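In order, the protein sequence lines correspond to chains H and B.
Residues 1 to 265 in my numbering are what the first sequence spells out, letter by letter.
Residues 266 to 588 in my numbering are what the second sequence spells out, letter by letter.
Don't be surprised by glycine CBs; every beta carbon is placed ideally from N, CA and C.
Computed from a prediction, not measured in an experiment: that's the story for all the values here.
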Amino acid sequence: MSIADLRNNGRVAWAAFVMTLRMNAPDPFTLFTIVVQPLIVALLAMWMLVERGASNAIFVVVGSGMTGLWSGLLFLGGNSINWERWTGTLELIVGQPTPVSVIVFGKNLAIVVQSLSGMVVCYALAALIFRQPLSVEEPLLFAVSLLLTVVAFVTFGLVIAPIFLLSPAVQSFQNALEFPIYMLCGFLFPIALLPGWSTPLSYILGPYWAARALHGTATGGASLDEVLISWGMMLGLSLIYLLLSGRLMDLMLKRARADATLRME
Amino acid sequence: MNAIEVEHLRREYKARMGVIRRTTKLVVAVDDISFDVKPGELFGMLGPNGAGKTTTVKMLTTLLLPTRGAARVLGFDVAKQADKIRGRIGFIFGGERGLYWRLSGTDNLRYFASLYHVEPEVSRKRIPELMEMVGLGDRAKEKVEGYSRGMMQRLHIARTLLHDPEVLFLDEPTIGLDPVGAREVRQTIRDLQAEKKTILLTTHYMFEADALCQRVAVINKGNIVALDTPQALKGHVADLSVVEVEVFGIPLEVVERVRSQSFVDTVSVEDMDQRQTLRIQTARGSEAVSDLIGLLSGLRVGKVVVREPTLEDAYVRLVGGEA
């Protein structure tokens, strides 16, 4: 890839980022997915926490916020491809010279950045309504973890997007993907509570390592080595997702061009 | 080198039917078509709805893979070298879809300019020029959701010109427009042709093809049934006259009875509320009128007109009365 290609792709990703922010901003479904839903999760978890007299509210805040990141990526990212299919713009973005993955990257980045607002709202809920002590034990490590979390989620979304490109029927299975990822990634409780056979599945998911890094740095329950391992896994898996998504996207696009599923009437 | 080369192109679809007992039916949308378009030519594809025009355009714009045959645009294969074609062509599909309704006209163009790698300083100058050219200069900052269908269609034309493409595919660009809007779009197409752009235009309006195109391929049921200049196509009906009979509530079997007569070449029926106009092409001209009236006995018959055939009649004859 030449410097000119990189510059052009960067501009396209930025254009897709800005366009997605502007399109999503006034949308009630977006608001529900990235703010209201994590807020409900946080509310229930905080009640349980307060009832039991436990004190790790920051775990709940981070975990609830992460459910918003995943739901946003799954529903807004997945829906956006089907929405483009129904509105006739999917053909236009497939028929232009930039790889579709670059556009999806920009869209995913916008969705994940927007979804971080859910975490902020959950923090406000715990602090203002439940009056829980909330402090991030390792703020600098937490900030780096958050940045890498964005990378991990965006690239994970790139692997999911080609599946939605394949056929509008895939949308039917969208709901089924939401809770398994919450559980496998340990957003709200440790994966040690799950059966042992599911652990390898968690290990190949970038969001699992993101949850480990964020929970560990927020509660102070992880050593520096553990945090560094989580960062390394996030970066390594993101690289694998990037390589995989390009190939998957090419395959699914070829299939969609063969099956005539780029546009729905 | 031709700008577009199409060789024995075929496209099949699998149509699925039923819920419990699902069956698959093979539909041939385009069946073995071949044609070339020269650089700078305005080439028309004319045919009724479902004839295969849009499917052909979608294959040429790399959005659909052909089932068989080959097509090249600017020398590149549409199936295998799509990446080399996409930046050098522009396309629009008729209708209101294909725009971001929550964004303004300008924001739509800005987004697509980025996708087509138009340098920011170029797009800053070109977008207002294009909006003026398509008559949307004063509505450019408004959200697309408030645009009329004609305005959306013109915005599509502006969008497709952003990256100054060498070949344009315009699929029914005037469909659903009011007469004034359609005339404006046709003038824009003429202007583009004057700039020596290669244009493939699909339409089901004969007069549009006649007014704009240098050559026209008439396509029906996935096949090209005639390919020539509009003038030469008119020669297809030089030997015929057209008898138009106004009738009220004509049953289908009577239309079929008329169609089966040896002196009748083609029959088409135009519905207008309670009455229909039966349009019969025949070599016998006014001599056929008494026989026709006899076939319509028992029906209320209004005006009867015998006239010379037009280009539209040539088209009707070529597509077998299905227009």
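Looking at the structure shown, is A336 (chain B) part of a helix, part of a strand, or coil, going by DSSP?
A336 (chain B): strand per DSSP, three-state reduction.
Backbone secondary structure at V271 (chain B) - three-state DSSP:
Residue state, collapsed to three classes: strand.
Going by DSSP, which residues form a beta bridge with Y273 (chain H)?
Since the first residue of chain H shown is 1 and the last is 265, residue 273 (chain H) is not available in this structure.
Mind pulling the chain B residues with CB within less than 8 Å of V22 (chain H)?
For the sequence presented, residue 22 (chain H) should be read as Arg rather than Val. Under the 8 Å cutoff, chain B gives R367, L368, D372.
Check whether the Cβ atoms of L433 (chain B) and K462 (chain B) sit closer than 7 Å, and answer yes or no.
With a cutoff of 7 Å on beta-carbon distance, L433 (chain B) and K462 (chain B) are scored as near each other.
For G363 (chain B), return the contacting residues in chain H, with the cut-off set at a CB-CB distance below 8 Å.
The answer, in chain order, is T87, G88, T89, E91, L92.
Report all residues from its chain with a CB closer than 7 Å to the CB of Y524 (chain B); omit the five preceding and five following residues, and keep chain order.
In the sequence as displayed, the identity of residue 524 (chain B) is Arg instead of Tyr. Cβ-Cβ distances below 7 Å link R524 (chain B) to V532 in the same chain, with the five nearest sequence neighbours on each side left out; the list follows chain order.
Whose Cβ in chain B lies nearer than 7 Å to the Cβ of N108 (chain H)?
Residues of chain B whose Cβ lies closer than 7 Å to the Cβ of N108 (chain H) do not exist; the shortest such Cβ separation is about 17 Å.
Since V502 (chain B) contacts G312 (chain B) with CB under 8 Å, what's their CB separation in whole angstroms?
In fact, because the Cβ distance is near 17 Å, the residues do not count as touching under 8 Å.
Are the CB atoms of S379 (chain B) and R11 (chain H) within a distance shorter than 7 Å?
Yes; because the gap between Cβ atoms is below 7 Å, this pair is in contact.
Name the chain B residues whose beta carbon is nearer than 7 Å to that of N79 (chain H)?
Correct list: empty, because the minimum Cβ distance to chain B is about 15 Å.
Taking the C-alpha atoms as reference points, what is the distance between T473 (chain B) and R448 (chain B)?
The sequence given here has Glu at residue 473 (chain B), not Thr. One C-alpha to the other measures close to 10 Å.
Measuring only between beta-carbons, confirm whether S413 (chain B) sits less than 7 Å from chain H.
Using a CB distance cut-off of 7 Å, S413 (chain B) does not count as an interface residue toward chain H.
Give a yes or no on whether 7 Å exceeds the smallest Cβ distance from Y376 (chain B) to chain H.
Judged by the 7 Å Cβ criterion, Y376 (chain B) is in contact with chain H.
Pick out whichever of B:Q546, B:L426, B:A476 has its Cα sitting closest to the Cα of E460 (chain B).
E460 (chain B) has its Cα closest to that of B:L426, out of B:Q546, B:L426, B:A476.
Closest Cα partner of I204 (chain H) within the set H:Q174, H:F189, H:V170, H:A152:
The residue with the shortest Cα to Cα distance from I204 (chain H) is H:A152.
What are the boundary residues of the alpha helix (DSSP H) that M48 (chain H) is part of?
For M48 (chain H), the enclosing alpha helix (DSSP H) begins and ends at 37-52.
Coil, strand or helix - L466 (chain B) by DSSP
For L466 (chain B), the three-state secondary structure derived from DSSP is strand.
Measuring only the C-alpha atoms, how far is R419 (chain B) from V450 (chain B)?
Just so you know, the alpha carbons of R419 (chain B) and V450 (chain B) end up roughly 7 Å apart.
What are the start and end residues of the beta strand (DSSP E) that includes D301 (chain B)?
Under the DSSP assignment, D301 (chain B) falls in the beta strand (DSSP E) whose first and last residues are 288-302.
Quick one: is H382 (chain B) near chain H, going by C-beta distance under 7 Å?
In terms of beta-carbon proximity, H382 (chain B) lines the interface with chain H, with at least one pair separated by less than 7 Å.
Name the chain H residues that come within less than 9 Å of Y580 (chain B), Cβ to Cβ?
Neighbours of Y580 (chain B) on chain H: none; closest Cβ ~26 Å, over 9 Å.
Report the option in H:F189, H:S202, H:L116, H:L194 whose CA atom is closest to the CA atom of V60 (chain H).
Cα-wise, what sits closest to V60 (chain H) is H:F189.
Distance, F187 (chain H) Cα to L43 (chain H) Cα
Each residue's alpha carbon lies about 15 Å from the other.
Evaluate contact between the region 78-89 of chain H and the region 60-69 of chain H, counting only Cβ atoms and requiring at least three cross-stretch pairs below 8 Å.
Flag = no, the region 78-89 of chain H and the region 60-69 of chain H do not touch.
Just checking my contact of T320 (chain B) with A294 (chain B) at CB under 8 Å: how many whole Å lie between their CB atoms?
With 8 Å as the limit, T320 (chain B) and A294 (chain B) qualify as a contact, their Cβ atoms being about 4 Å apart.
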